[in-house]
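*Asks:*
2 protein chains.
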Amino acid sequence: MSASVGLARVLEPEGVLPQAAWRLDARPEIAADEVRIAVERLNLDAASFRQLAEKHGGDGDAVRAEVLEIVGTRGKMHNPVTGSGGMLIGVVEEAGPQSPLGLKPGDRVATLVSLTLTPLRITDGLAGWDGKSEQVPAQGTAILFGRSVAAVLPDDLRPELALAVYDVCGAPALTDRVVRDYETPVTVAVLGGAGKSGSLSLTAARLAGARTVAVVINEREAQIVRDAELADAIAIADARNPVEVSKAVTEALGAPATVTVVCVDVPGCEHGAILATAAGGTVIFFSMATSFPAAALGAEGLAADVTMLIGNGYLPGHAEFAVDLLRRVPAVRRLFEERVAGH
Amino acid sequence: MSASVGLARVLEPEGVLPQAAWRLDARPEIAADEVRIAVERLNLDAASFRQLAEKHGGDGDAVRAEVLEIVGTRGKMHNPVTGSGGMLIGVVEEAGPQSPLGLKPGDRVATLVSLTLTPLRITDGLAGWDGKSEQVPAQGTAILFGRSVAAVLPDDLRPELALAVYDVCGAPALTDRVVRDYETPVTVAVLGGAGKSGSLSLTAARLAGARTVAVVINEREAQIVRDAELADAIAIADARNPVEVSKAVTEALGAPATVTVVCVDVPGCEHGAILATAAGGTVIFFSMATSFPAAALGAEGLAADVTMLIGNGYLPGHAEFAVDLLRRVPAVRRLFEERVAGH
Numbered sequence: 056m057s058a059s060v061g062l063a064r065v066l067e068p069e070g071v072l073p074q075a076a077w078r079l080d081a082r083p084e085i086a087a088d089e090v091r092i093a094v095e096r097l098n099l100d101a102a103s104f105r106q107l108a109e110k111h112g113g114d115g116d117a118v119r120a121e122v123l124e125i126v127g128t129r130g131k132m133h134n135p136v137t138g139s140g141g142m143l144i145g146v147v148e149e150a151g152p153q154s155p156l157g158l159k160p161g162d163r164v165a166t167l168v169s170l171t172l173t174p175l176r177i178t179d180g181l182a183g184w185d186g187k188s189e190q191v192p193a194q195g196t197a198i199l200f201g202r203s204v205a206a207v208l209p210d211d212l213r214p215e216l217a218l219a220v221y222d223v224c225g226a227p228a229l230t231d232r233v234v235r236d237y238e239t240p241v242t243v244a245v246l247g248g249a250g251k252s253g254s255l256s257l258t259a260a261r262l263a264g265a266r267t268v269a270v271v272i273n274e275r276e277a278q279i280v281r282d283a284e285l286a287d288a289i290a291i292a293d294a295r296n297p298v299e300v301s302k303a304v305t306e307a308l309g310a311p312a313t314v315t316v317v318c319v320d321v322p323g324c325e326h327g328a329i330l331a332t333a334a335g336g337t338v339i340f341f342s343m344a345t346s347f348p349a350a351a352l353g354a355e356g357l358a359a360d361v362t363m364l365i366g367n368g369y370l371p372g373h374a375e376f377a378v379d380l381l382r383r384v385p386a387v388r389r390l391f392e393e394r395v396a397g398h
Numbered sequence: 056m057s058a059s060v061g062l063a064r065v066l067e068p069e070g071v072l073p074q075a076a077w078r079l080d081a082r083p084e085i086a087a088d089e090v091r092i093a094v095e096r097l098n099l100d101a102a103s104f105r106q107l108a109e110k111h112g113g114d115g116d117a118v119r120a121e122v123l124e125i126v127g128t129r130g131k132m133h134n135p136v137t138g139s140g141g142m143l144i145g146v147v148e149e150a151g152p153q154s155p156l157g158l159k160p161g162d163r164v165a166t167l168v169s170l171t172l173t174p175l176r177i178t179d180g181l182a183g184w185d186g187k188s189e190q191v192p193a194q195g196t197a198i199l200f201g202r203s204v205a206a207v208l209p210d211d212l213r214p215e216l217a218l219a220v221y222d223v224c225g226a227p228a229l230t231d232r233v234v235r236d237y238e239t240p241v242t243v244a245v246l247g248g249a250g251k252s253g254s255l256s257l258t259a260a261r262l263a264g265a266r267t268v269a270v271v272i273n274e275r276e277a278q279i280v281r282d283a284e285l286a287d288a289i290a291i292a293d294a295r296n297p298v299e300v301s302k303a304v305t306e307a308l309g310a311p312a313t314v315t316v317v318c319v320d321v322p323g324c325e326h327g328a329i330l331a332t333a334a335g336g337t338v339i340f341f342s343m344a345t346s347f348p349a350a351a352l353g354a355e356g357l358a359a360d361v362t363m364l365i366g367n368g369y370l371p372g373h374a375e376f377a378v379d380l381l382r383r384v385p386a387v388r389r390l391f392e393e394r395v396a397g398h
């Protein structure tokens with residue numbers, strides 16, 4: 056197991072897995088079960104990019120310098136403040152003879168494991184990036200371990216589009232699984248329903264048979280949901296305000312939601328999600344800004360009998376499932392295309 | 056709903072629930088649906104007490120001063136570093152006419168909601184506490200809201216004993232529920248099996264029909280588990296070392312666990328728990344030291360198809376369930392009695 060999860064790449068502290076490590080060895084030479092990727096583009100995690108942009112007041116040069124500093128120091132793009140990373144796309148340069156991933160040189164792939172555990176070396180100083188977007192053109196190399204997940208990019212989606220979908224593909228897959236686990240009719244509230252993971256979660260919930268409400272922060276986002284017909288109902292509320300959120304959801308659905316999905320990448324959304332969920336219901340936290348103690352103690356303090364899930368970014372078949380949602384629902388595909396184009 | 060969840064007690068910031076608030080109004084006068092408790096004893100959360108003790112190098116006077124400072128500043132015992140609190144016992148002084156909790160003056164109760172959201176005033180300077188134990192004799196007043204949870208102390212358990220059980224009673228109740236949800240034979244690994252929540256979780260798992268392994272840090276803790284016959288197998292491993300933990304669990308059970316319960320109150324146990332769990336299994340995180348991003352990204356990075364639960368401190372009937380475990384298993388009761396006595 057040691058080699059397959061990347062232990063040999065951990066420089067400090069010793070004995071932890073790559074994601075927990077402070078520093079990885081990002082050298083381009085690969086072991087027998089590793090794969091080397093020639094990087095084309097990074098897609099920074101939304102929470103990470105937001106933190107960097109806010110810290111530097113939108114100064115793109117300063118954001119770029121800090122990303123280079125992080126990657127240079129840690130051997131991976133692992134934001135030490137948010138604890139989050141992102142993903143990348145590139146072309147397979149070399150696959151070790153014992154790699155189980157089935158990749159071959161020339162395959163254009165997206166890595167579906169986080170940048171927080173992916174050994175990364177940047178060689179172009181990110182010269183092609185203005186520091187003002189999560190999408191980062193980059194040259195360099197990245198390493199995949201034996202036990203990893205990567206998807207060959209589909210023919211019918213542009214790489215940027217596939218990357219944007221893969222970045223959040225755990226959310227619709229887990230939403231689908233949770234909704235189908237209930238044997239009675241299900242209602243689903245998605246906080247942050249206009250965003251990437253939110254719009255896919257709404258779509259997955261509806262296709263699984265749920266009645267849905269999108270909770271969004273303002274009329275502009277409500278219009279996005281309305282135009283794409285993403286949800287059965289729309290409510291405008293601040294996800295950080297528990298009273299406002301629970302009232303909005305309850306009014307839209309006629310009762311608290313069976314399942315609440317948190318896709319808002321700002322801190323403080325735990326209590327609203329819990330209050331908006333019916334007894335016996337489930338809250339799925341997909342935001343990396345989720346506070347574990349706030350959720351655990353919040354549910355206890357509210358005497359709320361709800362199941363709270365840490366959104367796992369991996370489910371078997373999650374990438375194909377998410378891409379298939381775009382194929383099945385053209386309005387969702389248009390939404391992603393507009394977003395990737397920068398609208 | 057506003058009054059029942061304590062919104063009127065929130066001083067800053069406005070509009071958040073009491074647990075998320077920086078500062079609460081702890082005045083002893085009660086609203087119509089509130090209850091005032093005359094405090095007898097606080098039981099600090101293990102993670103909180105550990106942080107305070109370590110910060111002050113075991114200096115009890117300094118620990119006491121900081122607890123007084125926190126309660127004086129915030130109007131609640133909410134450790135700003137760990138984000139955790141604890142519980143308290145006391146006697147009902149006054150119950151508002153609209154309180155739904157069914158309490159009356161003179162009832163000796165334990166609050167089953169966290170101290171992180173309980174308005175608290177301390178009036179004796181904690182003069183009876185040496186700052187060296189989680190159990191804090193205290194005088195003052197605490198407030199229960201309309202929507203809250205408190206249990207009248209049972210006749211057959213000393214108050215200190217009941218408090219120690221109630222403090223962790225969510226863990227065995229949720230473990231029981233998760234084990235019974237599987238339709239096939241279940242194995243359960245409990246990280247930190249010798250501790251309070253760990254020993255109750257092991258007991259609940261076994262009574263629900265699971266085969267169990269206790270993972271403990273050293274031979275001393277192994278002896279505790281052995282003496283009380285808490286588990287079917289015992290493994291010594293450092294829960295922060297993913298490779299060690301997963302190897303220990305797999306060897307003890309013959310395969311990874313169906314359910315892994317994390318009861319170790321130190322950071323860095325997420326990856327070991329995930330690696331020790333079989334595909335399709337469940338990890339229940341009860342430690343307040345759990346990092347949400349480490350769990351979410353860890354499972355993704357390990358391509359681990361496991362359900363990850365945030366340990367909810369509330370389930371209907373959880374207090375009675377845990378007390379009943381002590382009645383049914385005398386060895387567990389002895390363990391708690393020894394612990395409360397300070398052994």
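Going down the list, the sequences are from chains A and B. According to this note's numbering, the stretch in the first sequence is residues 56 to 398, in order. According to this note's numbering, the stretch in the second sequence is residues 56 to 398, in order. Even glycine gets a Cβ: it sits at the ideal position worked out from N, Cα and C.
(1) Look at the Cβ atom of G130(B), then the Cβ atom of L175(B), and state whether they are nearer than 8 Å.
(2) Can you give me the C-alpha to C-alpha distance between V387(B) and R232(A), rounded to a whole angstrom?
(3) Once you ignore the five residues that flank L353(A) on each side, which residues in its own chain have a CB closer than 6 Å to its CB?
(4) Would you call G309(B) buried or exposed, if buried means 16 or more other Cβ atoms sit within 10 Å of its Cβ?
(5) Measure from the alpha carbon of E95(A) to the alpha carbon of each residue in G248(A), W184(A), P73(A), then state which is nearest.
(6) Taking buried to mean at least 16 other C-beta atoms within 10 Å of its own C-beta, is T313(A) buried or exposed?
(7) Closer than 8 Å, CB to CB, is Y221(B) near chain A or not?
(8) Rounded to the nearest angstrom, what separates R202(B) and R78(A) at their Cα positions?
(9) What's the C-alpha gap between S139(B) and A350(A)?
(10) Can you tell me whether DSSP reads G201(B) as helix, strand or coil?
(11) Could you compute how far the alpha carbon of G335(B) sits from the alpha carbon of T230(B)?
(12) I want to verify the contact list: residues of chain B whose CB lies under 8 Å from the CB of Y237(A), in sequence order.
(13) Less than 8 Å between CB atoms is the rule here; does S103(B) satisfy it with respect to chain A?
(14) Express the C-alpha separation of V245(A) and L390(A) in angstroms, rounding to a whole number.
(15) At what residues does the alpha helix (DSSP H) containing R82(A) begin and finish?
(16) Just checking: is the beta-carbon of E355(A) within a distance shorter than 8 Å of some beta-carbon in chain B?
(17) Note down, in chain order, all residues in the region 359-385 of chain B with a beta-carbon under 9 Å from any beta-carbon belonging to chain A.
(18) So A75(A) packs on G247(B), CB below 8 Å; how close in whole Å?
(19) Could you spell out where the alpha helix (DSSP H) holding G127(A) opens and where it closes?
(20) Does the beta carbon of P348(B) sit closer than 8 Å to a beta carbon anywhere in chain A?
(21) Based on the DSSP secondary-structure assignment, which residues constitute the bridge partners of L257(A)?
(22) So I85(B) and I177(B) are in contact, right, with Cβ under 8 Å, and what is the actual spacing, rounded?
(23) Let me know the beta strand (DSSP E) ranges lying completely inside the region 136-178 of chain A, each 3 residues or longer, listed in chain order.
(24) Put A226(A) into one of helix, strand or coil per three-state DSSP.
(25) Tell me the rounded alpha-carbon separation between T337(A) and V319(B).
(26) For a cutoff of 8 Å on Cβ pairs, would you count A351(A) as touching chain B?
(27) Take the Cβ of R14(B) as the centre, count every other Cβ of all protein chains shown within 10 Å, and call the residue buried at 16 or more, exposed below.
(28) Below 8 Å between beta carbons: does that hold for T267(A) and V243(A)?
(29) Counting Cβ pairs, one atom from each stretch, are 3 or more of them under 8 Å apart for the region 375-383 of chain A and the region 249-268 of chain A?
(30) Mind checking if Q194(B) is an interface residue toward chain A, Cβ cutoff 8 Å exclusive?
(31) Quick one: complete alpha helix (DSSP H) runs, 4+ long, within the region 348-389 of chain A?
(32) Distance check for A333(B) and D360(B), CA to CA, integer angstroms please.
(33) Based on the DSSP output, what are the partners of R232(B) in its beta bridges?
(34) For the structure I just gave you, are there three or more beta carbon pairs, one from the region 210-225 of chain A and one from the region 135-153 of chain A, closer than 8 Å?
(35) So the candidates are V65(A), A286(A), E124(A), E276(A); which of them puts its Cα closest to the Cα of D293(A)?
(36) Answer with yes or no whether the minimum CB distance from M343(A) to chain B is below 8 Å.
*Replies:* In this structure, then:
(1) Sequence index remark: in the second sequence, residue 130(B) carries index 75 (1-based). Sequence index remark: in the second sequence, residue 175(B) carries index 120 (1-based). Going by C-beta atoms, G130(B) is nearer than 8 Å to L175(B).
(2) Taking the first residue of the second sequence as 1, we reach residue 387(B) at position 332. Taking the first residue of the first sequence as 1, we reach residue 232(A) at position 177. Computed Cα separation, rounded: 38 Å.
(3) In the first sequence, counting from the first residue as 1, residue 353(A) sits at position 298. The sequence given here has Gly at residue 353(A), not Leu. So the qualifying residues of the chain are E325, H326, I329.
(4) To locate residue 309(B), count along the second sequence from 1; it is residue 254. It is exposed - the Cβ of G309(B) has fewer than 16 other Cβ atoms within 10 Å.
(5) One-based indexing of the first sequence puts residue 95(A) at position 40. Cα-wise, what sits closest to E95(A) is W184(A).
(6) Along the first sequence, one-based indexing puts residue 313(A) at 258. So T313(A) ends up on the buried side.
(7) For the purposes of this step, residue 221(B) is identified with residue 166 of the second sequence, where counting begins at 1. With 8 Å as the cut-off, Y221(B) does not count as an interface residue toward chain A.
(8) For this step, residue 202(B) is matched to residue 147 along the second sequence. For this step, residue 78(A) is matched to residue 23 along the first sequence. When only Cα atoms are considered, R202(B) and R78(A) end up about 47 Å apart.
(9) For the purposes of this step, residue 139(B) is taken as residue 84 along the second sequence, with counting starting at 1. For the purposes of this step, residue 350(A) is taken as residue 295 along the first sequence, with counting starting at 1. Approximately 11 Å between the Cα atoms of the pair.
(10) Taking the first residue of the second sequence as position 1, residue 201(B) is located at position 146. It is coil, neither helix nor strand.
(11) Counted from its first residue, the second sequence places residue 335(B) at position 280. Counted from its first residue, the second sequence places residue 230(B) at position 175. Distance between the alpha carbons of G335(B) and T230(B): 16 Å.
(12) To locate residue 237(A), count along the first sequence from 1; it is residue 182. Here the premise fails: no neighbours, minimum Cβ distance about 13 Å.
(13) Taking the first residue of the second sequence as 1, we reach residue 103(B) at position 48. Cβ-Cβ to chain A under 8 Å: no for S103(B).
(14) Within the first sequence, residue 390(A) is the residue found at index 335, counting from 1. Within the first sequence, residue 245(A) is the residue found at index 190, counting from 1. Near 17 Å, if we compare the C-alpha coordinates of V245(A) and L390(A).
(15) Looking up residue 82(A) in the first sequence gives position 27. No alpha helix (DSSP H) contains R82(A), which DSSP labels as neither H nor E.
(16) Locating residue 355(A) in the first sequence gives position 300, counting from the first residue. Closer than 8 Å: yes.
(17) A359, D360, V361, T362, M363, L364, I365, G366, N367, G368, Y369, L370, P371
(18) The sequence position of residue 75(A) within the first sequence is 20, counting from 1. The sequence position of residue 247(B) within the second sequence is 192, counting from 1. About 18 Å; that fails the 8 Å criterion.
(19) Here residue 127(A) refers to the residue found at position 72 when the first sequence is read from its first residue. Where G127(A) is concerned, the enclosing alpha helix (DSSP H) stretches over 115-129.
(20) Your numbering for residue 348(B) matches position 293 in the second sequence. It does: the Cβ of P348(B) has a partner Cβ on chain A nearer than 8 Å.
(21) Indexing the first sequence from 1 puts residue 257(A) at position 202. Note: L257(A) sits in no beta bridge, so no partner.
(22) Within the second sequence, residue 85(B) is the residue found at index 30, counting from 1. Within the second sequence, residue 177(B) is the residue found at index 122, counting from 1. In fact, because the Cβ distance is near 18 Å, the residues do not count as touching under 8 Å.
(23) For the region 136-178 of chain A, whole beta strand (DSSP E) runs of length 3 or above, ordered along the chain, are 141-150, 163-166, 175-177.
(24) What you label residue 226(A) is simply residue 171 of the first sequence in a count that begins at 1. Looking at A226(A) - three-state DSSP - the assignment turns out to be helix.
(25) Here residue 337(A) refers to the residue found at position 282 when the first sequence is read from its first residue. Here residue 319(B) refers to the residue found at position 264 when the second sequence is read from its first residue. Approximately 25 Å, taken between the alpha carbons.
(26) As a position in the first sequence, residue 351(A) is number 296, starting the count at 1. At least one CB atom of chain B sits nearer than 8 Å to the CB of A351(A).
(27) The displayed coordinates of chain B run from 56 to 398. Any statement about residue 14(B) would go beyond what the structure contains.
(28) Locating residue 267(A) in the first sequence gives position 212, counting from the first residue. Locating residue 243(A) in the first sequence gives position 188, counting from the first residue. Yes, they are a contact pair.
(29) yes
(30) By one-based count along the second sequence, residue 194(B) stands at place 139. No - not a single Cβ of chain A is within 8 Å of the one on Q194(B).
(31) 373-383
(32) Against the second sequence, residue 360(B) aligns to sequence position 305. Against the second sequence, residue 333(B) aligns to sequence position 278. Distance between the alpha carbons of D360(B) and A333(B): 8 Å.
(33) Within the second sequence, numbered from 1, the residue matching residue 232(B) stands at position 177. For R232(B), no pairing in a beta bridge is given by DSSP.
(34) yes
(35) What you label residue 293(A) is simply residue 238 of the first sequence in a count that begins at 1. Comparing Cα positions, the closest option is E276(A).
(36) For the purposes of this step, residue 343(A) is taken as residue 288 along the first sequence, with counting starting at 1. Closer than 8 Å to some Cβ of chain B, the Cβ of M343(A) qualifies, so yes.
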